[in-house]
Amino acid sequence: MGVIPCRWIQGFTDKSFFAFVNNETVCYTAGSHICFLNVETKIQHVFESSVRGIGALTANGKSGIFAFSDHKLSPSIFVYNFKDFHLKNELKGSAQLDYTSLALSDDGPYLACCSSLPDHIITVWNWEKGERLCAEPEAGRDVISLVFNPLNCFQLCALGTTSLTLWNIEKSTNLHYLLRCRAIELPTTDGSFVEGLGSISGIKGGMVETRLTPGAICWTQTSELYVGCTQGFLLLVNPESLSVSVLFNPTCKQTLTQTIGCGRLLKTLMKILYNVLFYLCSAADAIPNFQWSQISITQTWQTEGPVSDVMHFPDSETLLLRSDRVRASIY
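Offset between the sequence shown (1-based) and the numbering used here: plus 51.
Encoded structure:
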(Lines of atoms letter the chains of each structure in order from A and count residues from 1; the text may use other names and numbers.)
(Lines give C-alpha, C1' and ligand atoms only; values in the text may rest on other atoms or scores of the structure.)
Protein backbone atom coordinates (compact mmCIF):
# COMPACT_ATOMS: atom_id res chain seq x y z
CA MET A 1 0.00 0.00 0.00
CA GLY A 2 1.43 3.36 -1.01
CA VAL A 3 1.92 6.43 1.15
CA ILE A 4 0.04 9.62 0.32
CA PRO A 5 2.53 12.54 0.43
CA CYS A 6 1.65 15.81 2.13
CA ARG A 7 1.15 18.52 -0.52
CA TRP A 8 0.73 21.42 1.90
CA ILE A 9 -0.22 22.15 5.48
CA GLN A 10 -1.44 25.38 7.05
CA GLY A 11 -2.13 26.71 10.52
CA PHE A 12 -1.74 25.46 14.06
CA THR A 13 -3.86 25.07 17.16
CA ASP A 14 -3.69 26.73 20.55
CA LYS A 15 -2.11 23.50 21.85
CA SER A 16 0.67 23.40 19.24
CA PHE A 17 4.24 23.31 20.55
CA PHE A 18 6.62 26.01 19.28
CA ALA A 19 10.42 25.92 19.38
CA PHE A 20 13.41 27.38 17.53
CA VAL A 21 15.79 25.10 15.70
CA ASN A 22 18.21 27.84 14.54
CA ASN A 23 18.40 31.62 14.20
CA GLU A 24 16.05 31.73 11.22
CA THR A 25 13.71 28.79 11.66
CA VAL A 26 10.83 28.09 14.00
CA CYS A 27 9.23 24.67 14.25
CA TYR A 28 5.76 23.81 15.47
CA THR A 29 3.42 20.85 15.51
CA ALA A 30 0.59 20.48 13.02
CA GLY A 31 -1.30 17.25 13.45
CA SER A 32 1.00 14.32 12.72
CA HIS A 33 3.64 16.58 11.17
CA ILE A 34 6.19 19.18 12.24
CA CYS A 35 6.40 22.42 10.25
CA PHE A 36 9.65 24.36 9.88
CA LEU A 37 9.19 27.99 8.89
CA ASN A 38 12.12 30.18 7.84
CA VAL A 39 11.09 33.62 9.06
CA GLU A 40 13.43 35.40 6.61
CA THR A 41 12.54 33.60 3.39
CA LYS A 42 9.01 32.59 4.52
CA ILE A 43 9.73 29.13 3.09
CA GLN A 44 8.04 26.29 4.93
CA HIS A 45 9.19 22.69 5.11
CA VAL A 46 7.05 19.87 6.44
CA PHE A 47 8.63 16.99 8.31
CA GLU A 48 6.36 14.05 7.63
CA SER A 49 6.65 11.78 10.62
CA SER A 50 5.71 8.13 10.38
CA VAL A 51 4.04 8.23 13.80
CA ARG A 52 0.30 8.65 14.31
CA GLY A 53 0.57 11.98 16.04
CA ILE A 54 3.05 14.33 17.69
CA GLY A 55 3.01 14.54 21.47
CA ALA A 56 5.56 16.92 22.98
CA LEU A 57 8.15 18.85 20.94
CA THR A 58 11.40 20.60 21.80
CA ALA A 59 14.37 21.98 19.89
CA ASN A 60 17.76 23.55 20.56
CA GLY A 61 18.63 26.50 18.37
CA LYS A 62 22.35 26.25 19.11
CA SER A 63 22.83 22.60 18.20
CA GLY A 64 20.15 22.31 15.53
CA ILE A 65 18.66 19.29 17.27
CA PHE A 66 14.93 18.73 17.69
CA ALA A 67 13.06 15.97 19.51
CA PHE A 68 9.46 14.88 19.76
CA SER A 69 7.37 12.12 21.27
CA ASP A 70 4.74 10.14 19.42
CA HIS A 71 1.12 10.13 20.49
CA LYS A 72 0.37 6.53 21.42
CA LEU A 73 0.52 4.05 24.28
CA SER A 74 4.09 3.56 25.57
CA PRO A 75 5.40 6.45 23.44
CA SER A 76 8.98 6.85 22.27
CA ILE A 77 11.06 10.01 21.94
CA PHE A 78 12.73 10.64 18.58
CA VAL A 79 15.82 12.87 18.34
CA TYR A 80 16.64 14.36 14.92
CA ASN A 81 19.24 16.62 13.35
CA PHE A 82 17.52 19.52 11.58
CA LYS A 83 20.25 19.96 8.97
CA ASP A 84 19.59 16.66 7.20
CA PHE A 85 16.59 15.33 9.17
CA HIS A 86 18.72 12.39 10.25
CA LEU A 87 17.39 10.29 13.12
CA LYS A 88 19.99 10.47 15.89
CA ASN A 89 18.25 8.13 18.31
CA GLU A 90 14.96 6.70 19.51
CA LEU A 91 14.51 6.76 23.27
CA LYS A 92 12.15 4.15 24.66
CA GLY A 93 11.26 5.13 28.19
CA SER A 94 8.73 3.94 30.72
CA ALA A 95 5.94 6.43 29.98
CA GLN A 96 2.59 4.71 29.60
CA LEU A 97 0.44 7.36 27.94
CA ASP A 98 2.19 10.58 26.95
CA TYR A 99 4.89 13.15 27.68
CA THR A 100 3.95 16.59 28.97
CA SER A 101 7.33 18.24 28.41
CA LEU A 102 10.69 17.71 26.70
CA ALA A 103 13.88 19.77 27.06
CA LEU A 104 17.31 19.68 25.41
CA SER A 105 20.42 21.00 27.15
CA ASP A 106 22.55 23.68 25.49
CA ASP A 107 25.77 21.96 26.52
CA GLY A 108 26.03 18.20 26.35
CA PRO A 109 23.82 15.50 24.80
CA TYR A 110 21.14 15.56 27.45
CA LEU A 111 17.38 15.43 27.19
CA ALA A 112 14.90 15.74 30.04
CA CYS A 113 11.32 14.57 29.81
CA CYS A 114 8.25 14.42 32.01
CA SER A 115 5.58 11.78 31.53
CA SER A 116 1.89 12.26 32.16
CA LEU A 117 -0.38 10.18 34.35
CA PRO A 118 -0.29 7.66 35.86
CA ASP A 119 3.49 7.65 36.50
CA HIS A 120 4.52 11.35 36.32
CA ILE A 121 8.21 10.47 35.93
CA ILE A 122 10.96 13.03 35.29
CA THR A 123 13.75 11.32 33.32
CA VAL A 124 17.12 12.53 32.06
CA TRP A 125 18.70 10.86 29.01
CA ASN A 126 21.98 10.90 27.16
CA TRP A 127 20.31 10.99 23.76
CA GLU A 128 23.53 10.34 21.83
CA LYS A 129 24.05 7.00 23.57
CA GLY A 130 20.37 6.29 24.10
CA GLU A 131 21.16 5.87 27.78
CA ARG A 132 18.78 6.73 30.59
CA LEU A 133 20.84 8.49 33.26
CA CYS A 134 18.30 8.89 36.04
CA ALA A 135 14.60 9.07 36.76
CA GLU A 136 12.35 10.23 39.59
CA PRO A 137 8.82 8.76 39.83
CA GLU A 138 5.89 10.98 40.86
CA ALA A 139 8.08 14.07 40.50
CA GLY A 140 6.23 15.60 37.57
CA ARG A 141 2.65 15.50 38.80
CA ASP A 142 1.86 19.13 37.90
CA VAL A 143 4.89 19.90 35.70
CA ILE A 144 4.13 21.72 32.45
CA SER A 145 7.65 22.76 31.44
CA LEU A 146 11.28 21.71 31.97
CA VAL A 147 14.16 24.12 31.32
CA PHE A 148 17.86 23.27 31.48
CA ASN A 149 20.33 25.76 32.92
CA PRO A 150 22.20 26.90 29.77
CA LEU A 151 25.42 27.21 31.79
CA ASN A 152 25.05 23.93 33.67
CA CYS A 153 23.65 20.91 31.85
CA PHE A 154 23.31 19.07 35.16
CA GLN A 155 20.73 21.48 36.52
CA LEU A 156 17.17 22.07 35.39
CA CYS A 157 14.05 23.76 36.65
CA ALA A 158 10.56 22.27 36.57
CA LEU A 159 7.67 24.69 36.18
CA GLY A 160 4.43 23.38 37.64
CA THR A 161 0.92 24.76 37.62
CA THR A 162 1.39 25.94 41.21
CA SER A 163 5.00 25.05 42.03
CA LEU A 164 8.62 25.63 41.09
CA THR A 165 11.24 22.93 41.63
CA LEU A 166 14.98 22.86 41.07
CA TRP A 167 16.59 19.55 40.08
CA ASN A 168 20.31 18.79 40.29
CA ILE A 169 21.73 15.82 38.39
CA GLU A 170 24.45 14.30 40.56
CA LYS A 171 26.85 11.39 40.17
CA SER A 172 26.91 8.84 42.97
CA THR A 173 29.95 6.85 44.11
CA ASN A 174 29.10 3.95 41.80
CA LEU A 175 29.01 6.29 38.78
CA HIS A 176 25.22 6.24 38.68
CA TYR A 177 23.25 9.47 38.34
CA LEU A 178 20.72 10.78 40.84
CA LEU A 179 18.12 13.56 40.74
CA ARG A 180 18.16 15.83 43.79
CA CYS A 181 15.06 17.96 44.37
CA ARG A 182 14.96 21.44 45.91
CA ALA A 183 11.57 23.13 46.18
CA ILE A 184 11.40 26.92 45.82
CA GLU A 185 9.03 28.72 48.18
CA LEU A 186 7.28 31.59 46.40
CA PRO A 187 5.95 34.77 48.05
CA THR A 188 2.28 35.35 48.76
CA THR A 189 0.06 37.25 46.35
CA ASP A 190 0.81 40.56 48.08
CA GLY A 191 4.55 40.05 47.54
CA SER A 192 5.35 39.26 51.17
CA PHE A 193 7.29 36.27 52.44
CA VAL A 194 5.92 33.85 55.01
CA GLU A 195 8.58 32.84 57.53
CA GLY A 196 8.77 30.23 60.22
CA LEU A 197 6.50 27.20 60.53
CA GLY A 198 3.79 28.85 58.52
CA SER A 199 6.00 29.05 55.44
CA ILE A 200 5.41 25.39 54.72
CA SER A 201 1.64 25.56 54.76
CA GLY A 202 1.29 29.19 53.73
CA ILE A 203 -0.31 30.17 57.05
CA LYS A 204 0.28 33.69 58.31
CA GLY A 205 -1.35 35.18 61.36
CA GLY A 206 -3.82 32.32 61.60
CA MET A 207 -5.00 32.79 58.01
CA VAL A 208 -4.13 30.87 54.87
CA GLU A 209 -2.07 32.98 52.49
CA THR A 210 -2.32 32.29 48.75
CA ARG A 211 1.06 32.07 47.05
CA LEU A 212 2.03 33.50 43.68
CA THR A 213 1.46 31.26 40.68
CA PRO A 214 4.49 30.80 38.41
CA GLY A 215 3.72 31.27 34.72
CA ALA A 216 7.12 31.44 33.00
CA ILE A 217 10.75 30.77 33.89
CA CYS A 218 14.07 31.65 32.32
CA TRP A 219 17.71 31.21 33.34
CA THR A 220 20.04 34.20 33.45
CA GLN A 221 23.68 34.53 32.41
CA THR A 222 24.63 34.13 36.08
CA SER A 223 22.68 30.88 36.60
CA GLU A 224 19.88 32.59 38.45
CA LEU A 225 16.20 32.19 37.66
CA TYR A 226 13.71 34.81 36.59
CA VAL A 227 10.14 33.80 37.34
CA GLY A 228 7.16 35.52 35.76
CA CYS A 229 3.95 35.02 37.74
CA THR A 230 0.39 35.07 36.49
CA GLN A 231 -0.39 37.83 39.00
CA GLY A 232 2.10 40.12 37.22
CA PHE A 233 5.09 39.72 39.56
CA LEU A 234 8.67 39.24 38.38
CA LEU A 235 10.89 37.28 40.77
CA LEU A 236 14.59 36.51 40.95
CA VAL A 237 15.61 33.16 42.46
CA ASN A 238 19.09 32.21 43.64
CA PRO A 239 19.33 28.44 43.00
CA GLU A 240 22.11 28.00 45.56
CA SER A 241 20.48 29.64 48.57
CA LEU A 242 16.90 29.36 47.21
CA SER A 243 16.39 33.01 48.18
CA VAL A 244 13.66 34.85 46.28
CA SER A 245 13.62 38.58 45.51
CA VAL A 246 10.65 40.53 44.17
CA LEU A 247 11.91 42.60 41.23
CA PHE A 248 8.56 43.80 39.95
CA ASN A 249 5.41 44.20 41.99
CA PRO A 250 2.45 45.46 39.92
CA THR A 251 0.68 46.68 43.06
CA CYS A 252 3.63 48.73 44.34
CA LYS A 253 5.05 52.01 43.04
CA GLN A 254 8.57 50.88 43.89
CA THR A 255 8.71 48.23 41.19
CA LEU A 256 12.31 47.14 41.58
CA THR A 257 14.31 46.18 44.61
CA GLN A 258 17.79 47.55 45.15
CA THR A 259 19.36 44.10 45.30
CA ILE A 260 20.77 44.30 41.77
CA GLY A 261 21.69 47.13 39.44
CA CYS A 262 19.18 48.18 36.84
CA GLY A 263 21.79 48.10 34.08
CA ARG A 264 22.72 44.49 34.70
CA LEU A 265 19.07 43.51 35.01
CA LEU A 266 18.02 45.18 31.79
CA LYS A 267 21.00 43.94 29.83
CA THR A 268 20.22 40.39 30.85
CA LEU A 269 16.52 40.74 30.22
CA MET A 270 16.97 42.34 26.81
CA LYS A 271 19.44 39.71 25.72
CA ILE A 272 18.00 36.41 26.87
CA LEU A 273 14.91 36.99 29.00
CA TYR A 274 12.37 38.63 26.75
CA ASN A 275 9.89 35.82 27.24
CA VAL A 276 9.61 36.41 30.99
CA LEU A 277 8.98 40.15 30.71
CA PHE A 278 6.43 39.75 27.98
CA TYR A 279 4.44 37.29 30.01
CA LEU A 280 3.92 40.10 32.49
CA CYS A 281 2.50 42.32 29.78
CA SER A 282 0.41 39.77 27.88
CA ALA A 283 -2.84 40.90 29.45
CA ALA A 284 -2.34 44.50 28.31
CA ASP A 285 -2.48 43.67 24.56
CA ALA A 286 0.69 45.70 24.04
CA ILE A 287 4.40 44.99 23.95
CA PRO A 288 6.86 47.28 25.78
CA ASN A 289 10.40 48.10 24.72
CA PHE A 290 12.73 48.93 27.63
CA GLN A 291 15.66 51.33 27.78
CA TRP A 292 19.07 50.08 28.89
CA SER A 293 19.76 52.61 31.61
CA GLN A 294 16.43 52.80 33.39
CA ILE A 295 13.17 50.98 33.78
CA SER A 296 10.67 52.83 31.63
CA ILE A 297 8.42 51.99 28.71
CA THR A 298 9.69 53.86 25.65
CA GLN A 299 7.68 52.20 22.91
CA THR A 300 4.69 49.90 22.51
CA TRP A 301 3.31 47.91 19.60
CA GLN A 302 -0.41 47.26 19.44
CA THR A 303 -1.38 43.62 19.03
CA GLU A 304 -4.65 42.25 17.75
CA GLY A 305 -5.38 40.40 20.96
CA PRO A 306 -3.93 39.08 24.21
CA VAL A 307 -0.52 37.43 23.83
CA SER A 308 -0.42 33.86 25.11
CA ASP A 309 3.19 32.93 24.32
CA VAL A 310 6.35 34.90 23.57
CA MET A 311 9.67 33.35 22.58
CA HIS A 312 12.96 34.80 21.42
CA PHE A 313 15.18 33.38 18.71
CA PRO A 314 18.67 32.14 19.67
CA ASP A 315 20.18 35.40 18.39
CA SER A 316 17.98 37.27 20.92
CA GLU A 317 17.07 39.84 18.25
CA THR A 318 13.82 38.39 16.95
CA LEU A 319 10.60 37.70 18.83
CA LEU A 320 7.77 35.33 18.04
CA LEU A 321 4.38 36.13 19.56
CA ARG A 322 1.43 33.79 19.60
CA SER A 323 -2.08 34.88 20.52
CA ASP A 324 -5.12 33.04 21.80
CA ARG A 325 -6.65 33.62 18.38
CA VAL A 326 -4.24 31.09 16.88
CA ARG A 327 -2.09 33.71 15.23
CA ALA A 328 1.68 34.15 15.26
CA SER A 329 3.55 37.42 14.73
CA ILE A 330 7.27 38.13 14.38
CA TYR A 331 9.00 41.29 15.68
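Where is the CB? At the ideal position from N, CA and C, for every residue including glycine.
I'd like to confirm something about residue i: is its beta-carbon nearer than 6 Å to some heavy atom of the ligand ZN, or not?
{"i": "Tyr150", "result": "This structure lacks the ligand ZN; in fact it carries no ligand of any kind."}
Have a look at the DSSP bridge pairing and note the partners of residue i.
{"i": "Gln95", "result": "Leu88"}
{"i": "Glu182", "result": "Asn177"}
{"i": "Glu141", "result": "Phe129"}
{"i": "Ala110", "result": "Phe117"}
{"i": "Val295", "result": "Val288"}
{"i": "Ala81", "result": "His84"}
{"i": "Ile105", "result": "Asp121"}
{"i": "Glu189", "result": "Answer by DSSP bridge pairing: none, since Glu189 is not bridged."}
{"i": "Leu162", "result": "Leu155, Trp176"}
{"i": "Ala70", "result": "Cys78"}
{"i": "Ser167", "result": "In the DSSP output, where bridge partners are listed per residue, Ser167 has none listed."}
{"i": "Ser196", "result": "Leu210"}
To the nearest angstrom, report how far apart residue i and residue j are at their CA atoms.
{"i": "Phe136", "j": "Phe87", "result": "11 Å"}
{"i": "Val72", "j": "Ile94", "result": "15 Å"}
{"i": "Tyr79", "j": "Leu370", "result": "15 Å"}
{"i": "Phe69", "j": "Ile173", "result": "21 Å"}
{"i": "Thr194", "j": "Cys232", "result": "Reading off the sequence, residue 194 comes out as Val, not Thr. If you take the alpha carbons of Val194 and Cys232, they lie about 14 Å apart."}
{"i": "Ile268", "j": "Val288", "result": "10 Å"}
{"i": "Met362", "j": "Val77", "result": "10 Å"}
{"i": "Thr273", "j": "Ala190", "result": "26 Å"}
{"i": "Pro201", "j": "Val295", "result": "20 Å"}
{"i": "Val90", "j": "Val245", "result": "46 Å"}
{"i": "Gln147", "j": "Gly181", "result": "19 Å"}
{"i": "Glu179", "j": "Gln353", "result": "44 Å"}
{"i": "Cys185", "j": "Val175", "result": "6 Å"}
{"i": "Leu142", "j": "Thr224", "result": "26 Å"}
{"i": "Asp158", "j": "Ala81", "result": "29 Å"}
{"i": "Ile128", "j": "Leu217", "result": "23 Å"}
{"i": "Ser100", "j": "Ser83", "result": "7 Å"}
{"i": "His171", "j": "Phe98", "result": "29 Å"}
{"i": "Leu124", "j": "His96", "result": "28 Å"}
{"i": "Lys222", "j": "Ser292", "result": "21 Å"}
{"i": "Pro365", "j": "Cys303", "result": "33 Å"}
{"i": "Ile254", "j": "Asn140", "result": "Low confidence applies to Ile254: its pLDDT is 49, below 50, so where it sits in the model is not reliable, and the reading given next is rough at best. Looking at the two C-alpha atoms, the distance is approximately 48 Å."}
{"i": "Thr92", "j": "Pro169", "result": "43 Å"}
{"i": "Leu197", "j": "Ser166", "result": "11 Å"}
{"i": "Arg192", "j": "Leu207", "result": "16 Å"}
{"i": "Phe299", "j": "Cys280", "result": "10 Å"}
{"i": "Glu75", "j": "Gly112", "result": "9 Å"}
{"i": "Pro126", "j": "Asn203", "result": "28 Å"}
{"i": "Gln282", "j": "Leu372", "result": "20 Å"}
Going by Cα to Cα distance, which pick from the options is closest to residue i?
{"i": "Arg183", "options": "Leu202, Asp170, Thr216, Leu229", "result": "Leu229"}
{"i": "His227", "options": "Tyr131, Leu142, Asn177", "result": "Asn177"}
{"i": "Ala209", "options": "Leu276, Ser145, Pro169", "result": "Leu276"}
{"i": "Ala120", "options": "Asn89, Lys113, Cys164, His96", "result": "According to the sequence displayed, residue 120 carries Ser and not Ala. Looking at the Cα atoms, Cys164 is the closest of the given residues."}
{"i": "Ser114", "options": "Lys134, Gly104, Cys232", "result": "Lys134"}
{"i": "Phe205", "options": "Ala81, Asn219, Val194", "result": "Asn219"}
{"i": "Leu138", "options": "Ile268, Phe69, Phe117, Glu291", "result": "Phe117"}
{"i": "Thr271", "options": "Phe199, Phe299, Phe129", "result": "Phe199"}
{"i": "Leu285", "options": "Ile128, Arg233, Pro301, Thr76", "result": "Pro301"}
{"i": "Val278", "options": "Cys303, Thr212, Lys143", "result": "Thr212"}
{"i": "Asn132", "options": "Ser196, Gly242, Pro160, Pro126", "result": "Pro160"}
{"i": "Pro188", "options": "Glu221, Ser223, Gly144, Ser292", "result": "Gly144"}
{"i": "Val297", "options": "Gly242, Gly283, Asn140, Gln282", "result": "Gly242"}
{"i": "Leu215", "options": "His171, Ser100, Ser125, Pro290", "result": "Pro290"}
{"i": "Ile85", "options": "Asn74, Thr92, Gly104", "result": "Gly104"}
{"i": "Val130", "options": "Pro169, Val97, Leu162", "result": "Leu162"}
{"i": "His122", "options": "Asn140, Glu141, Val102, Gly112", "result": "Val102"}
Which runs of the beta strand (DSSP E) fall wholly inside the stretch 200-282 and span at least 3 residues, in chain order?
-> If only uninterrupted beta strand (DSSP E) runs of at least 3 residues are considered, those enclosed by the stretch 200-282 are 203-211, 215-222, 228-234, 265-270, 276-280.
May I ask you to verify whether the stretch 148-160 touches the stretch 97-108, counting CB pairs closer than 8 Å and requiring at least 3?
-> Look at the beta carbons and you see the stretch 148-160 touching the stretch 97-108: at least three pairs across the two are nearer than 8 Å.
Cβ contact (3+ pairs, closer than 8 Å) linking the stretch 258-276 and the stretch 225-242 | By the C-beta criterion, the stretch 258-276 is judged to be in contact with the stretch 225-242, since at least 3 inter-stretch pairs fall below 8 Å.
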